[in-house]
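J.:
Numbering (our numbering), first residue to last: 5 to 262.
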């Protein structure tokens, strides 16, 4: 294929998988049935989150395709470290936290999360933190300013703000500005814009205000569509080099894959 001003966009226009681009889906909750979708789009790897009982068999069967992200519940503090140790011994590489989940509902800066952060620091494990939908239930749980405080306590841990803190469709831009401010003030904070690509100009806005090396790609399947999220990046008004950074190179760096 002749590479035009956007050969990535041309591939998508032609219905071809992006096999020449490293693509890492930074967050998904589906796994084995997801492989066909990944292959169709040319997605190399996906970060799949959940308990070790569910995720360890998946990453052990397909270690080249799935990256395990261990999820723990801070309301059961005695189980946190054993769960993390078992998960990482089995091959998981990262951690997913959801302070605003109805089953957890625990503030990200609360003491029961401290062992998680200390474990992440010891294992160089990135942590992705839900900071979007359902955050509106209680803004004291996981808004970007709270994540900033945690990032300052643990400067050797890389934190990814999922959904850019956009907790309400009407508040998307204000929430993103808060997340952008936090990211610019803390070198160990990154932004995952999963589900926000549908808003016109979001990706371009993030690139302009944060910088290309701090933006992470993700689909949040099955709640949202990997196909749509790939399209949002492919058609963004940024360079192909910047698209490649977003699609996978930035996440690969956090996992020390480069």
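Beta carbons are placed, not taken as given, at the ideal position from N, Cα and C, and that holds for glycine.
The model shown is predicted, which means the values in this text are computed figures rather than measured ones.
Is it the case that the Cβ atoms of residue 238 and residue 28 are separated by a distance below 8 Å?
T.: The residue you call residue 238 lines up with position 234 of the chain shown. The residue you call residue 28 lines up with position 24 of the chain shown. In this structure, residue 28 does not lie closer than 8 Å to residue 238 by Cβ.
J.: Count the C-beta pairs between the stretch 243-257 and the stretch 209-220 that are closer than 8 Å, then say yes if the count reaches three, no if not.
T.: Counting Cβ pairs under 8 Å, three or more are found: they touch.
J.: What number of angstroms, rounded off, separates the C-alpha of residue 86 from the C-alpha of residue 112?
T.: Your numbering for residue 86 matches position 82 in the chain shown. Your numbering for residue 112 matches position 108 in the chain shown. Approximately 20 Å, taken between the alpha carbons.
J.: With C-beta atoms as the reference, is residue 30 less than 8 Å away from residue 198?
T.: Position 26 of the chain shown, counting from 1, holds the residue named residue 30. Position 194 of the chain shown, counting from 1, holds the residue named residue 198. Result yes, Cβ atoms of residue 30 and residue 198 sit closer than 8 Å.
J.: Just to confirm my understanding: we take residue 160, look at its own chain, exclude 5 residues before and 5 after, and list those with CB closer than 6 Å. What are they?
T.: Along the chain shown, one-based indexing puts residue 160 at 156. The residues are 125.
J.: When you compare only the Cα positions, how much space is there between residue 146 and residue 116?
T.: If you number the chain shown from 1, residue 146 lands on position 142. If you number the chain shown from 1, residue 116 lands on position 112. One C-alpha to the other measures close to 14 Å.
J.: If you check the beta carbons only, do residue 16 and residue 235 fall under 8 Å apart?
T.: Working through the chain shown from its first residue, we reach residue 16 at position 12. Working through the chain shown from its first residue, we reach residue 235 at position 231. Yes, the Cβ-Cβ distance between residue 16 and residue 235 is below 8 Å.
J.: Got a sec? Which residues, its chain only, sit under 7 Å from residue 148 by beta carbon, not counting five neighbours each side?
T.: As a position in the chain shown, residue 148 is number 144, starting the count at 1. Closer than 7 Å at Cβ, skipping near neighbours: 135, 165, 169, 182, 183, 186.
J.: Note down, in chain order, each residue of its chain lying with its Cβ closer than 8 Å to the Cβ of residue 68, except the 5 sequence neighbours on either side.
T.: Translated into positions along the chain shown, residue 68 becomes position 64. Same-chain partners within the cutoff: 49.
J.: Do you know how far the Cα of residue 212 is from the Cα of residue 70?
T.: Here residue 70 refers to the residue found at position 66 of the chain shown. Here residue 212 refers to the residue found at position 208 of the chain shown. Going by the C-alpha atoms only, they are around 31 Å apart.
J.: Please return the same chain residues whose Cβ sits closer than 6 Å to the Cβ of residue 81, not counting the five positions on each side in sequence.
T.: By 1-based counting over the chain shown, the position of residue 81 is 77. Cβ within range, chain order: 116.
J.: State the Cα-Cα distance for the pair residue 192 and residue 215, rounded to the nearest angstrom.
T.: Locating residue 192 in the chain shown gives position 188, counting from the first residue. Locating residue 215 in the chain shown gives position 211, counting from the first residue. Going by the C-alpha atoms only, they are around 13 Å apart.
J.: Would residue 251 and residue 130 be called neighbours here (beta carbons separated by less than 8 Å)?
T.: Residue mapping note: residue 251 aligns to position 247 of the chain shown, counting from 1. Residue mapping note: residue 130 aligns to position 126 of the chain shown, counting from 1. Not a contact, by the Cβ cut-off of 8 Å.
J.: Does residue 240 pass the burial test, meaning 16 or more other C-beta atoms within 10 Å, or should it be called exposed?
T.: Locating residue 240 in the chain shown gives position 236, counting from the first residue. Residue 240 is buried by the Cβ-count criterion.
J.: Run through the stretch 100-170 for me and flag every whole alpha helix (DSSP H) of 4 or more residues, listed as ranges in chain order.
T.: List check, alpha helix (DSSP H) in window: 118-127, 148-157.
J.: Determine, using beta carbons only, whether residue 73 and residue 96 come nearer to each other than 8 Å.
T.: In the chain shown, the residue the question calls residue 73 occupies position 69. In the chain shown, the residue the question calls residue 96 occupies position 92. For residue 73 and residue 96, yes; Cβs fall inside 8 Å.
J.: My assumption, with CB atoms under 8 Å, is that residue 56 sits in contact with residue 91. Please give the rounded CB distance.
T.: On the chain shown, residue 56 is found 52 positions in, with the first residue counted as 1. On the chain shown, residue 91 is found 87 positions in, with the first residue counted as 1. Indeed, because the Cβ distance is near 4 Å, the residues count as touching under 8 Å.
J.: With 16 other CB atoms within 10 Å as the buried threshold, where does residue 37 fall?
T.: Translated into positions along the chain shown, residue 37 becomes position 33. With fewer than 16 other Cβ atoms within 10 Å, it is exposed.
J.: Can you tell me which of 123, 105, 103, 108 puts its alpha carbon nearest to the alpha carbon of residue 285?
T.: For the chain, the structure presents residues 5 to 262; residue 285 sits outside this window and is missing.
J.: Applying the criterion that 16 or more other CB atoms from any shown protein chain within 10 Å of the CB defines a buried residue, is residue 100 buried or exposed?
T.: Here residue 100 corresponds to residue number 96 of the chain shown, with the count starting at 1. The residue in question, residue 100, is buried, as its Cβ has 16 or more Cβ neighbours within 10 Å.
J.: Could you give the DSSP three-state label for residue 53: helix, strand or coil?
T.: Taking the chain shown and counting its residues from 1, the one referred to as residue 53 is at position 49. Looking at residue 53 - three-state DSSP - the assignment turns out to be strand.
J.: Who are the Cβ neighbours of residue 127 in its own chain at under 7 Å, not counting the five residues just before and after it?
T.: Indexing the chain shown from 1 puts residue 127 at position 123. Result list for residue 127: 92, in chain order.
J.: Assuming residue 64 and residue 94 form a contact by the criterion Cβ under 8 Å, report the distance between their Cβ atoms to the nearest whole angstrom.
T.: The residue labelled residue 64 in the question sits at position 60 within the chain shown. The residue labelled residue 94 in the question sits at position 90 within the chain shown. Their Cβ separation, rounded to whole angstroms, is 7 Å, which keeps residue 64 and residue 94 in contact under 8 Å.
J.: Relative to the C-alpha of residue 46, which residue among 244, 230, 202, 9 is closest?
T.: Residue numbering aside, residue 46 sits at position 42 when the chain shown is read from its first letter. That would be 230, whose Cα lies nearest to the Cα of residue 46.
J.: Taking the CB atoms as reference points, tell me whether residue 119 and residue 110 lie closer together than 8 Å.
T.: Within the chain shown, numbered from 1, the residue matching residue 119 stands at position 115. Within the chain shown, numbered from 1, the residue matching residue 110 stands at position 106. Not in contact: residue 119 and residue 110 (Cβ atoms no closer than 8 Å).
J.: What number of angstroms, rounded off, separates the C-alpha of residue 6 from the C-alpha of residue 107?
T.: Sequence index remark: in the chain shown, residue 6 carries index 2 (1-based). Sequence index remark: in the chain shown, residue 107 carries index 103 (1-based). Here residue 6 scores only 42 on pLDDT, less than 50, and its place in the model is too uncertain to base an answer on.
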